[in-house]
Every structure is written in structure tokens, then in C-alpha cells.
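Numbering (full-length UniProt numbering), first residue to last: 1 to 127. Cβ coordinates follow ideal geometry from the N, Cα and C atoms, glycine included. Note sheet for the following structure.
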């Protein structure tokens, strides 16, 4: 957990499997400053309760795996819909001041069909 200049931050984290959270709950200060919320990437409004009361959102998750049969349906659609769901929840909250949209190395990857790299858009939203 993070303290900066006497300011104590609390964190809301979204999870899809409550059974995989022991490492988070074991962090120093987690009992007082970490709240876990179950959310579904594709369900509109699923993020509302986690975002409410927060000043900022840093959003990173996106489905990614190599054994894909239909990239548009399995990767692109969930990534776009999930991101829009998070952004929509942010617009519904009166407390949000900043949104940071990030990605991972998966945004810059070999596509398996050519020797060129595929570059997806990485955007930062907010003031």
C-alpha cells in the first residue's frame, strides 16, 4: 500500500476469481486499504460499485492469449467493450478526476503471419 507525504491511499481492485487473491490480501495494509470487487469485463455497470468514491482509475486489463480462433470475437470485441464499460462507469461517478488507460507488451507483438510487428493504440485519458 502507498503513503505519500502523510496522505494514505486506498485501492479498489477488480477480480474475476476470488480464489486467486491471497497474495493481494497478504500485502501490508491491505486489511485497511484494499477493497476487492468482483466484476465482469463485458457486463455494463459491473464496475460502478468499485469506481464509486474513487478519484482516479488506472485501467490495464484486456483479454490476451495465443490460441485464438476468432481474434475479433475473442480479443478485440472484449477489449473494446470492456474498456467502454469502464469508461462509462467512470462518467457515471461524480468523484472521478482522472482515468489512465494503459496496456502491456501484448499491445506490441508479433502477429505470427508476417515479419512485421502489430502496434495497437495506447491512449491516456484524463486531465
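Q | Of the listed residues 93, 91, 80, nearest to residue 62 (C-alpha basis) | A | 80
Q | Limits of the unbroken beta strand (DSSP E) element including residue 56 | A | 56–59
Q. In the DSSP assignment, what residue or residues form a beta bridge with residue 12?
A. 35
Q) Between which two residues does the alpha helix (DSSP H) carrying residue 51 extend? A) 48–51
Q) Quick one, which of 16, 75, 48 has its alpha-carbon nearest residue 93's? A) 48
Q. How would you call residue 85, buried or exposed, if buried means at least 16 neighbouring beta carbons within 10 angstroms?
A. buried
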